Amino acid sequence: MNTQYEFLLKQPPGTTFAVRAYNLELSAEAFDALASSWELGMDGFEVVNKPHRENHSGKRHIDLIWLRRDCSQ
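Sequential numbering from 0 applies to the sequence shown in numbering that gives the first Met the number 0.
Here you go:
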């Protein structure tokens with residue numbers, strides 16, 4: 000199983016939690032791309048609030064995103 004999903008699925012249903020690149024062992028750029036796709040929707044999870052963006056190498060990347068795991072999962 001992919002590390003990304005292992006981390007997400009360890010979260011109890013109904014829980015709101017923060018995710019950063021290091022939680023998923025990703026680079027800042029790879030995490031930004033993944034988190035951006037989550038903003039569009041992801042089965043079993045919803046984005047809570049606006050993701051935090053930080054300047055990295057002259058570009059603004061998502062460095063922190065809050066997710067809530069659906070209770071039905």
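Think of the CB as a built atom: it goes at the ideal place given N, C-alpha and C, for glycine as much as any other residue. Owing to the predicted nature of the structure, the values given are computational and were not obtained by experimental measurement.
Where does residue i fall in DSSP's three states?
i      : result
Leu-66 : strand
Leu-23 : coil
Gln-10 : coil
Using DSSP's beta-bridge definition, name the partner residues of residue i.
i      : result
Arg-59 : Asn-54
Phe-16 : Leu-66
Can you find the residues in the same chain that come closer than 6 Å, C-beta to C-beta, to residue i, ignoring five residues on each side of it along the sequence?
i      : result
His-55 : Ala-27
Glu-53 : Asp-62
Thinking residue i and residue j are a contact (beta carbons under 8 Å), I'd like their distance in whole angstroms, please.
i      : j      : result
Leu-66 : Val-46 : 6 Å
Only counting runs of 4 or more residues, tell me where the alpha helix (DSSP H) segments fall wholly within the region 25-57, in order along the chain.
27-38
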